[in-house]
Each structure stands twice: as structure tokens, then as C-alpha cells.
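Counted from 1, the sequence shown has number 448 at position 461 by the working numbering; the numbering is strictly sequential.
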Amino acid sequence: MVTCKDFQNKIHAVITAASDTTSLTLTWALALLITNPSVLKKAQDELDTKVGKDRNVEEHDVNDLVYLQAVVKETLRMYAAAPLDVPHEAIADCKIGGYEVRAGTRLVVNLWKLHRDPRVWSNPSEFKPERFLSQLDGGSGGEAANLDFRGQDFEYLPFSSGRRICPGIDFAIQTVHMALARLLHEFDFNNDSEGLVIDMTEGSVIRSSRKTKPSSVSPPEVAVRFGMYPTLVVSSWEMSKECFTTNDRFLAGLPSGAANKYLTFASFCCSTYGPYWREIRKIATLHLLSHRRLELLKHVPYSEIGKCNHECDSKDGPSKEEEEGQKLHKTIIEFFALAGAAVASDAFPFLGWLDVDGQKKRMKRVAKDMDFIVSKWLEEHRHQRQQTVLSSSAAGGSNHDDAKDFMDVLMTVLDEGSDDLFFGFNRDTVIKATCLQIIAAGADTTSVTLTWDLALLITNPTVLRKAQDELDTKVGKDRNVEEHDINDLVYLQAIAKETLRTRLFVNLWKLHRDPRVWSSPLEFKPERFLPQLNGGSGGEAAKWDFRGQDFEYLPFGSGRRMCPGIDFALQMLHMALARLLHAFDFDNDAAGLVIDMTEGSSLTILKLTPLEVYLRPRLPVKLY
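In C-alpha cells, the structure reads:
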């Protein structure tokens, strides 16, 4: 029988994974756009053309915003939310690149390096959304124009690949696309006039924020020891492909550690590979993150994007009603910081009884805080469910289609009235852990990607201008970007791909900067993901996707542990970026702002310093 605790853990996993990563992606997207004004301009021009300025961007606009989609792809290339992918552990002996890999060996896929491989990406350090566009859409027309997030293009794996691939890709992309589109559509960014400089330093938690950079020079695979554990670090797309195809079933395990024990509860993304992991991942993929479910729930993130843009245009800032959301956001940020923290017992298990630096104590406190928030949600949903049953027919509330959100769906699918355990977990714990995982993972990575998007765009003014030009052309300035516009915003999509390129562990940082794959890997060049028909470079990268099958590009990972939320992530990333570029001009130069591009240290690549931009509305007042 599954208890309340099990449901809690499940929702905890969903929320934490979604919210933190989504916010990070949006942060990087904005930073990239502001530092690349020409790209920002192209994205906004596309929004003005496709949407106009007499209405807001809507979901149906996103398909037409091809440049905005390219911006998101380029952001995910340069700043993949998890630059070292999800850690894997061999559950059986296997052979990789001719080397014998023993069971228990940990695997790291270096996405940072993979997305900067000069063999795949021309000028990989440049922010060039055009690389993800076909020539028809003004891109480079290279291989990257055909690359997707789905973990099938192993040159580009922002959401990983294989069994551990992110299950929420569609959710994440939907959120980022809409949020970015709304921002770009409604505001101009003018940091220069205010003297603001964007610091692009990356931090180091588990996801990519802004601070330290991995070494750009290392062999494609390195055998090291992490404390008592042998660890294989993979930095080439060839070895990544071998890991996530031939040996995927042997590498589906996950290393145990303090974070798994104290933070993630029954989270499926951090669960041991087995029946429970397979069943919960199936539920997440089929019921929570399916295209149909995302369609039913898309009004929620889109309304939040609208609120965000309104707050950007307003002098009042967020309302008091947002306090609980802000508290959750702060908790999620701390969650990811602790998830990427160094704990002595993770390397030396015999030190497990010690908590020298208090990390375990902080993990327990954060887990308790998140559990308190989600328990409150679960009680509210249970009360509403009981009221619905009383006021409806006998069949009321029994159909999956009646469910309103993730928690409703899980309560229905897992049949919370049942007394038996769900694979040894209390059912409430499973529900809460799953919801938390989806929300936190999606929010944080999307936020990180958008942050890098904007930082790269602002520091690359020509790319920013191209992105806004595309928005003005494809959307226009008389309406907001809608979801159907995103497909036409090929340059914006290339920007997202390029951002994800430039930000077992698979060393994605190294993989995405491999000079054999990426020309000028340190340059932000969305054009590398565009075919020549769309004004891109026309190289191989133009054909690559996020789906974990192009092993030169793995922003979402690959194999069984690939991110399951790729569609969710891309949906949100493209829309958020499109809305941002369409709504605002970025004028940091006029503001005297300098963007610091230093990367932080976390589970995802956080931007080390907060992104400060000067926004100037570019649409009619009625659209804000």
C-alpha cells in the first residue's frame, strides 16, 4: 500500500525538476539575446511579422516562430540545464569504446563539451540560432537544422537520451517558447542606456547556472576515481552513442548518495532502475506529459507568462498572492544547490555517520519545507475531489479526462483509495514526489535556459535583432505570440538549440564544445542549427534534434535516463522566449549595464550573477 509519504515524494520530484530548469533556461536565453542584439532584433522582427503588435502571442503562434525556436535550441546547446547530464551507474559489466566497464562504475556524459565539439558545430562558442534553421528559413542549412531535443541526435542532447531521458520535454519546451515569445514580443531590452553589463559566468550546481567552466582540453573518455568509486567521464559523441544505445540497459542505474536519500524521496528520476522506475516513468510519460495532457494544461503556464510580462511592464512588481509561489521558487533553488553539493559520504560511504558541513541537515530541512507545501496541495485536491463526487453522478471524477492538473491525474491513475502499497511506497508519497519532480525540474531548467538565452542575445546584438526581426515578420506587432507561431520562428528555435549547446556523468559541457564537431565552439551562433535555406550555415547541426539520437548534441541526455519532459520544456522555452523578444526591446548599452557571463556551480549551470536587463516595451499598451 502506498502511503501519503510516497505520493509526496512523487510530486516533489515533478515540481522540482520542472520549475528550476525552466527558469534557468529562460534566464540564459535572455542573457544570450541581450548580449547578441542582432539575434534579439531578428527574434522580435519575426514576432512583429507573425503576431503583430495588436494582440498577445498565443500558443498557436509558436509553430510559425521558427527563429524563436532556433534561439531556444541554441540556448540549450550553449547552456544545457544539466551540463554533465544525469549521472548513470553501470548495473552490469559492459564494453564502451573498447574498454571494459565494470558494474558499479559511474558514467558522466559531458554535454558542455559535446555541444561545443568543433567537428559538429562551426564556431561553437558563438550564439548563432541560424545553425538550427534551414536555408529556407534564413539559416545555415547545416545538419543542426534537423536536430531535435528527443535524444536521437547524439550531437545534441539537452534533455539527455536513453531510458533516463527527461520525460517532460514537451512541457519544458512549450513553457520556454511561450515565455520567451511573450517577453520578446512585449518588451525592448536596452541595457546599454542604463550602463548595465551582463555577467555570463556560469555557476556549478547540478544544473548549469553561471560560474566555473570545465576544461576545454581532455580526452574523449577518462577513467577516474570519485572517492571509492571508479568513474568514467565521456566527452565525445561517439562514446555517448555507444553508452546510450548498445549499453543503455547496462547503464540505466543511478548512483546513490545523500541527495537521493534525503531530498528526492520516491522521485522516479532518482529511483533505482527496476519495476517501480519503469511504472512511474510510464505514468509520467503517458498521463502527465503526453501531448494531450499538455494541450489541456497549456493555459496555466501561458497565463503565468502573461502575468510575468505584465509585472515587467508594471512598476508595482509581483502581488502578495505570489508569496507562496516565491517561497516555493526559493526552496527549489536551494534544492538544486544541495542536490549538486559535495557530500563526503557520497565519495567515502564509511563517513556516512558524519555531517561535517551540515549539508545533510540542510537537505532534510529543504525536503521538509517542500513536503509541507505539497501536502497542502494534496489536501486541497482531495477535498475538491470529495466535493465533486458528492455533487456529480456516480461516474463523476472517475475518468482521467476529468482530471484538471498533474495531481488530479495521479490521484486518479494511482487510485488513492486503494489500501495496498505502490511498489512499497505510500501512494500519497508517490503523488507528491512526482508532481514536485515535474514542476521543479521544468521550472529550474527552463529558467536557466531563458536566462542564458537573454544573456547571449544581449551580448550578441546582431542575433537578438535577427530574432526580433523574425518575430516582427512572422507575428507582427498587433498581437501577442501564440503557440501556433512557434513552428514559423525557426531562428528563435535555433537560438534555443545554440543556448543548450553552450551550457556515469556524460560531460556535456565538453561534448558540446568539441572542435571536431562544432566550428568556433565558444561562439554563440544560432545559425549553425539552420539550413542554408533558412539563412543558416547549412552544416550537419541543422538536422540535429534534442531527442538524444544525435550524440554530438545531447542537451536533454540520452538513453533510458533521458529527460522525459523534453516536449514540455521546449514548449515552454520557445513560448517564453518568443513572448519576451516580441514584447520588449533590450537596451543594456544605453543603461550602462554589462552582462557577466560567468557560470555558477550547481546541479544545472546557473548564471553566477543575477541577470539585469533594461526593458523597453515595443507593443501597444493593451497587449501587456
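Quick reminder that beta carbons are idealized off the backbone N, C-alpha and C, glycines included. Only a predicted model underlies this, so the values are computations on that prediction, with no experimental measurement involved.
CA-to-CA, the gap between LEU564 and PRO111 works out to about 21 Å.
Around the beta-carbon of GLY411, fewer than 16 other beta-carbon atoms lie within 10 Å, marking it exposed. Between ASN177 and ASN447, the C-beta gap is not smaller than 7 Å, which leaves the two residues out of contact. The alpha-carbon of ASP501 is positioned some 12 Å away from that of PHE538. By alpha-carbon distance to GLU113, the top candidate from VAL600, GLN373 and GLU485 is GLU485.
Assigned with DSSP and collapsed to three states, LYS285 falls in coil, not helix or strand. Assigned with DSSP and collapsed to three states, GLN455 falls in helix. Judged by pairs of C-beta atoms under 8 Å, the region 24 to 42 touches the region 442 to 458, as three or more such pairs exist. Straight-line spacing of the CA atoms in GLY126 and GLY39 works out to 22 Å.
Nearest C-alpha to THR460 among PRO597, LEU476, ASP333 and ILE482: LEU476. Using a Cβ distance threshold of 7 Å, CYS257 and ILE553 do not count as a contacting pair. Counting only runs of 3+ residues, the beta strand (DSSP E) found wholly inside the region 34 to 64 occupies 42 to 45, in chain order. Here the alpha carbon of SER524 sits roughly 5 Å from the alpha carbon of ARG515. In this structure, the beta-carbon distance from ALA57 to ALA481 falls below 7 Å. Unbroken beta strand (DSSP E) runs of no fewer than 3 residues, entirely contained in the region 525 to 610, are found at 532 to 534, 537 to 539, 543 to 548, 571 to 576, 580 to 593 and 602 to 604, following chain order. In this chain, ASN474 is not harboured by any alpha helix (DSSP H), its DSSP state being neither H nor E. With fewer than 16 other CB atoms across the displayed protein chains lying within 10 angstroms of its CB, GLN313 is exposed.
The beta carbons of THR9 and MET559 sit closer together than 7 Å. PHE323 sits buried, since 16 or more C-beta atoms from the chains shown fall within 10 Å of its C-beta. For ARG93, the three-state secondary structure derived from DSSP is strand. Residue nearest to SER290 within the set ARG349, VAL221 and VAL44 is VAL44 (criterion: CA-CA distance). Less than 7 Å separates the beta-carbon of SER222 from that of LEU498. Residue range 135 to 137 is occupied by the beta strand (DSSP E) that includes ARG137.
Under the three-state reduction of DSSP, HIS75 is assigned to strand. Sequence-distant partners of PRO242 (beyond 5 residues in either direction) whose C-beta falls short of 7 Å from its own C-beta, in its chain, are PRO74, GLU76 and ARG93.
Beta-carbon to beta-carbon, LEU458 and LEU171 are separated by about 6 Å, close enough to satisfy the 8 Å threshold. Counting only residues of its own chain and dropping the five nearest sequence neighbours on each side, ALA328 has a CB closer than 6 Å to the CB of GLN346. In the assembly as shown, SER378 is an exposed residue. Its beta-carbon has fewer than 16 other beta-carbons within 10 Å. Residue pairing by DSSP places TYR66 opposite no residue, since no beta bridge is assigned to it. Membership of PHE237 in any beta strand (DSSP E) is not indicated, and neither H nor E is assigned to it by DSSP. Straight across, the Cα-Cα distance linking ARG265 with LEU20 is about 39 Å.
In the DSSP assignment, ASN447 falls outside any alpha helix (DSSP H) and carries neither an H nor an E.
Around the Cβ of ALA90, a 10 Å sphere holds fewer than 16 other Cβ atoms; the residue is exposed. Between the beta-carbon of HIS569 and that of VAL49 there is about 11 Å, and that puts the pair past the 8 Å contact cut. In the three-state DSSP reduction, GLN122 falls in the strand class (E or B).
Pairing GLY544 with PHE136 gives a Cβ-Cβ distance that is not under 7 Å.
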